[in-house]
Structures are given as C-alpha cells and as structure tokens.
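Here is the structure we will look at, set down as structure tokens.
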Amino acid sequence: MDNQFLLSLIVGICVGGAAGFLGSLMLGRRMALVAGPLGHLTLPGIALALMYGFDVSLGAFPFVIFGIVLIWLFEMRTKLPMEALTAVVFASGVAIAFLLLPIQQAEAVLVGDITKVSFAEAAVSVFLILLLFFVVKKIYSKIVLINISEELAKSEKVDIRKYNLIYLGSIAIIVALGVKMVGGLLTAALVAIPASAARNLSRTLAQYAFGAMIIGGLSSSLGILTFKLTGFPAGPLIILASTLIFLISIIFKR
Amino acid sequence: MGNEVILKVRNLNVKLDHQSIIENLSFEVKKGEVLTILGPNGAGKSVLLKTLIGVLPYKGEIEWAKELKIGYVPQRLPFIKDIPLNIRDFFNLKGSPEKETEAILNSVGFQEDFLRKQIGDLSSGQFQRVLIAWGLVGKPQVLLFDEPTTGVDISAEETIYKLLAKLKEERDLTILLVTHDLSVVYKFSTDVICLNRQPICFGPPHEVLTPESLQKLYGGEVKYYQHKH
Chain R
1 MDNQFLLSLI VGICVGGAAG FLGSLMLGRR MALVAGPLGH LTLPGIALAL
51 MYGFDVSLGA FPFVIFGIVL IWLFEMRTKL PMEALTAVVF ASGVAIAFLL
101 LPIQQAEAVL VGDITKVSFA EAAVSVFLIL LLFFVVKKIY SKIVLINISE
151 ELAKSEKVDI RKYNLIYLGS IAIIVALGVK MVGGLLTAAL VAIPASAARN
201 LSRTLAQYAF GAMIIGGLSS SLGILTFKLT GFPAGPLIIL ASTLIFLISI
251 IFKR
Chain E
255 MGNEVILKVR NLNVKLDHQS IIENLSFEVK KGEVLTILGP NGAGKSVLLK
305 TLIGVLPYKG EIEWAKELKI GYVPQRLPFI KDIPLNIRDF FNLKGSPEKE
355 TEAILNSVGF QEDFLRKQIG DLSSGQFQRV LIAWGLVGKP QVLLFDEPTT
405 GVDISAEETI YKLLAKLKEE RDLTILLVTH DLSVVYKFST DVICLNRQPI
455 CFGPPHEVLT PESLQKLYGG EVKYYQHKH
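These protein sequence lines map, in sequence, to chains R and E. Here this note's numbering is used: the first residue of the first sequence is 1, the next is one more, and so on. Here this note's numbering is used: the first residue of the second sequence is 255, the next is one more, and so on.
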C-alpha cells in the first residue's frame, strides 16, 4: 500500500466520519440540504484556489462563511422558505464558478480529488477534524434540544445564539473539508446520506449519532478503495458507497 | 397555603411582528396556588406563558421570587419524532441523573423499563405524562403548563388532571396552567385570569367568572358557565 493512498484513506475516513456525525444533527433540523448550496457556493473559491495554486479547502472556507451569512440574512429579511433561498444562493455559486473557471479544470471542482492530498494537508485536515469532533460532541445534546424546540431550550437557559454560532461554524469547516474530497456538487450528500441511513437503523440517540459517524467513515473507505481498484474518481464513489449503505438500511429499517 | 408572592406582573405588554398580543396585564401569584389562564384560541395565553419564562420580549414588569426553579411543559413538540430518541435520551438532554429520572417516571405512573421506550411509540396521553415528568426534573417549585390535554382523549385527560393534583400535593408545587376548557378552571384552580388580548377578569373562579365576564371573553352567549357540585 503506497503512502499517498494511505494518506487519502486516513483523511477520507476522518472527514466522512465527522460529516456523518455532524449530519445527524443537521438532519434533525431539516438542514441537511443547506450543505448543498454551501457546497455549491464554494465553487468560485475552489476555482480561485486551482487557478492560483493554493489549497482547495482554504479557497472554499471564506465562501462558506459568506454563504452562511447570506442565507441567514436572506431568511431574516425575506421570510421566504429556506428551499427558495438555498436555490438562489446555490445557482449563483455555480454560475460565478463557471465564469471564473477554465472548463478543463472543472472536474476537481465539481467532484473533488482527495487522491493527491499532501502530508501537510492531511495533517491539518486530521487536526481540524479531531477538534471538530470534540466541539460537536460537546454541543450535541444542546443542539438536539434546540432542534426539538427552541422554546424548550430557552426555558432551560440554553444560549441559543452561542450554540447556533458554534454549530454553523462546524458546518462551515466540514463543508470546506468536504469539497476537497467529493467536490462542490456532492458535499450535501456527505452529511445527509450517512445520517439518513443511521436513522433507519437506530432506536437511540447514541446509535444514531455514532451510527452516522461509522457509516460516513465506512463509505469513505469503500469509495477510496473502489477508486484504487477501478480508477473512477473517488468523490462520486464515496457518495455511491453511502447510497448503497442507505439502500441496505431501508431493508433493515427499525 | 402560604401568602408569599412568588410572581408579580405589572402592566405587561407583548407585541409580536408589530401586532399587540397582550395589553396592560397585571396579576400576582402566591406560593401553592393554581392559576389558570383562560381564553379563546389566539387570545395570547401561550404567549403569556412564554413571556413569563423569558422566551419572548415584553414591556412592563415580570418579577419572579429569587432563586425559584421553574419547570415548563410545552403544548406540543412537533419535531421530536424526527430524531431517534428513547425516554432515557430525552431526560439526558436535561442532564437528569438516571435515579432521578426513574423516580419521576414512577411518580407519573410509569415503570423503570419505560426508559428504553421510544418517544415515537408513545400514545399522546403517555407523551403528555412524559412531558410533565420532564418538567419536574431538577425539582422546580413552579410548573408552567401550556394546554396539557391538547390532543389527548377524555379518559387520558382525567388522568392528567388527577396526576397534576397529586403532584401538586406531593411536591408542594405552584402551578400556572393555560387552558381553553372552562371545566378545568372550576375543578382545579384557585385563581383564574381571563385573557383575550386585554385582561378581562382576575380572581377566584367562583367570584370572577360571571355570565357577563364570560360573554366578554368569548363573545356571544356562553351557556355553560358554572360547574355544579
């Protein structure tokens, strides 16, 4: 097993697992699709990163933050449904990306490329993921309570704004790391599918949260292994692996 | 019953989206009382409870006694079934130690093995009792209930009011209760606030619930106004 492959596998499992874990919170709040437009909005950032040769996640991150602020502002000002807002944001992201981006480079932007990850990039990613995991674990039960009812959470003196800020920040980090792995088009699937599969299989909160994490990590490793065997791009294979697990989960739904 | 005032509300005004929901409401609650908040749908009853627990912005004064623990039991939790959650998980969200959870569940009539039951599998009456139990975690001195029997069938409704009466005695609770059900007021409460945006009456139900005040509250003729013993 060569080192490059091992690096990709480690980063893949970490990012996939963390995305699944965080996704279990996002599903509860019907926010899984928000990762979609955020992913798309990173496309101009990725395009810039590729054109000027810096890290894709680094290019993506400011655009995710911009997207979160934008969706939040739109929601406050317009009271349009979240789907309409996300459609606006998401289409604009794609449009801007294709104005900037030479079409030959589109593949990495759209479907990601984890197979060329350097050691330094891998180290930073794994460090960020570990940090993210502890933060999300820490806020998990509070966010679940907020997801169930903001009023109930407020009556328990939960500082909703503080927890939402940490939560959205975590989403921004996972989207920025996710786009490198599966590309801007597929990031939403990274958070939504493992959590959906885990929900089918679980009866308790712990089974759900850690189930989503395990399914996320497993999908990444299956996808990257299949890439090694077939040469197809790893990003789509990771998503298809999680789709397969989701389909199996329907059979065993509890 | 003690005479200690635990809640004072003066000239309370609540506006939501530039619309006035509660206007110039003043009342007091003493320790050990059961205060019902009575009014038609859309009268601002739930808004009043939410304002009292500090969830909504307001003008005026709300003064709770110092170091008072307050438990809140919401009307419904529509999103709770989106998450795989058993009873134990639900109580863990509030940081309730397992021993306390078991004791509270017992006191609302459930056995220990109930902890493993999924929230999604409960009947609406059972779920309501679970919510009441959740409100009791941390031994609050005051419980606030928003329409505790919404969507519950009549026999389960009886059970819930009997349960509330029992818990009140056992735990020395003060209770604030929102309802649109007049019979509850006579059976259960020491004082009543009639609310239809503006306060219409406040005091012991047998004194203040007159045909005139009820007509003003609900508009039109109200046939059933006094519970016969």
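Here a beta-carbon is modelled for each residue, glycine too, at the ideal position from N, C-alpha and C.
Close-in-space but distant-in-sequence residues of the same chain around residue i (CB under 7 Å, 5 per side omitted)
i, result
"residue 2 (chain R)", "none"
"residue 208 (chain R)", "24, 198, 199, 202"
"residue 170 (chain R)", "22, 132, 135, 136"
"residue 470 (chain E)", "454"
"residue 128 (chain R)", "173, 177"
"residue 450 (chain E)", "293, 294, 297, 471"
"residue 160 (chain R)", "146, 150, 153, 154"
"residue 257 (chain E)", "284"
Residue i burial status per 10 Å Cβ neighbour count (16 or more: buried)
i, result
"residue 428 (chain E)", "buried"
"residue 103 (chain R)", "exposed"
"residue 312 (chain E)", "buried"
"residue 193 (chain R)", "buried"
"residue 12 (chain R)", "buried"
"residue 400 (chain E)", "buried"
"residue 72 (chain R)", "exposed"
"residue 466 (chain E)", "exposed"
"residue 446 (chain E)", "buried"
"residue 296 (chain E)", "exposed"
"residue 212 (chain R)", "buried"
"residue 54 (chain R)", "exposed"
"residue 232 (chain R)", "exposed"
"residue 343 (chain E)", "buried"
Contact belief for residue i with residue j at Cβ below 8 Å, rounded distance in angstroms
i, j, result
"residue 49 (chain R)", "residue 58 (chain R)", "6 Å"
"residue 403 (chain E)", "residue 414 (chain E)", "6 Å"
"residue 359 (chain E)", "residue 141 (chain R)", "Rounded, the Cβ-Cβ distance is 19 Å, inconsistent with contact."
"residue 407 (chain E)", "residue 286 (chain E)", "Contact flag wrong, Cβ pair sits at about 30 Å."
"residue 307 (chain E)", "residue 324 (chain E)", "6 Å"
"residue 122 (chain R)", "residue 248 (chain R)", "With 8 Å as the limit, residue 122 (chain R) and residue 248 (chain R) do not qualify as a contact, their Cβ atoms being about 30 Å apart."
"residue 8 (chain R)", "residue 224 (chain R)", "6 Å"
"residue 185 (chain R)", "residue 110 (chain R)", "5 Å"
"residue 389 (chain E)", "residue 376 (chain E)", "So it is not a contact: roughly 16 Å between Cβ atoms."
Within-8 Å CB hit, residue i to chain B
i, result
"residue 77 (chain R)", "This model lacks chain B altogether; the protein chains it does include are R and E."
Cβ neighbours of residue i in the same chain (closer than 6 Å, five flanking residues each side left out)
i, result
"residue 190 (chain R)", "19, 178, 182"
"residue 61 (chain R)", "176"
"residue 391 (chain E)", "348, 350"
"residue 319 (chain E)", "260"
"residue 226 (chain R)", "237"
"residue 423 (chain E)", "none"
"residue 345 (chain E)", "355"
"residue 328 (chain E)", "400"
"residue 249 (chain E)", "Residue 249 (chain E) is absent from the structure shown; chain E starts at 255 and stops at 483."
"residue 339 (chain E)", "373"
"residue 395 (chain E)", "322, 323"
"residue 216 (chain R)", "16, 17, 19, 20, 194"
Host alpha helix (DSSP H) of residue i (start-end)
i, result
"residue 343 (chain E)", "341-346"
"residue 143 (chain R)", "119-148"
"residue 465 (chain E)", "465-472"
"residue 303 (chain E)", "299-306"
"residue 194 (chain R)", "187-201"
"residue 414 (chain E)", "408-425"
"residue 436 (chain E)", "436-442"
"residue 207 (chain R)", "205-230"
Where residue i sits in the DSSP three-state scheme
i, result
"residue 401 (chain E)", "coil"
"residue 53 (chain R)", "coil"
"residue 254 (chain R)", "coil"
"residue 312 (chain E)", "coil"
"residue 70 (chain R)", "helix"
"residue 284 (chain E)", "strand"
"residue 156 (chain R)", "coil"
"residue 374 (chain E)", "helix"
"residue 321 (chain E)", "coil"
"residue 290 (chain E)", "strand"
"residue 306 (chain R)", "As shown, chain R starts at 1 and ends at 254. That puts residue 306 (chain R) outside it, with no answer to give."
"residue 361 (chain E)", "helix"
"residue 279 (chain E)", "strand"
"residue 249 (chain R)", "helix"
"residue 113 (chain R)", "coil"
Terminal residues of the beta strand (DSSP E) in which residue i lies
i, result
"residue 456 (chain E)", "452-457"
"residue 3 (chain R)", "Residue 3 (chain R) -> not in any beta strand (DSSP E); alpha helix (DSSP H) instead, spanning 3-28."
"residue 432 (chain E)", "428-433"
"residue 265 (chain E)", "259-270"
"residue 327 (chain E)", "324-327"
Beta-carbon contacts of residue i that lie in its chain and below 8 Å, excluding the five residues immediately before and after
i, result
"residue 257 (chain R)", "The structure shown does not extend to residue 257 (chain R), since chain R is modelled only from 1 to 254, so the question has no answer here."
"residue 145 (chain R)", "152, 153, 156, 158"
"residue 301 (chain E)", "268, 270, 275, 276, 310"
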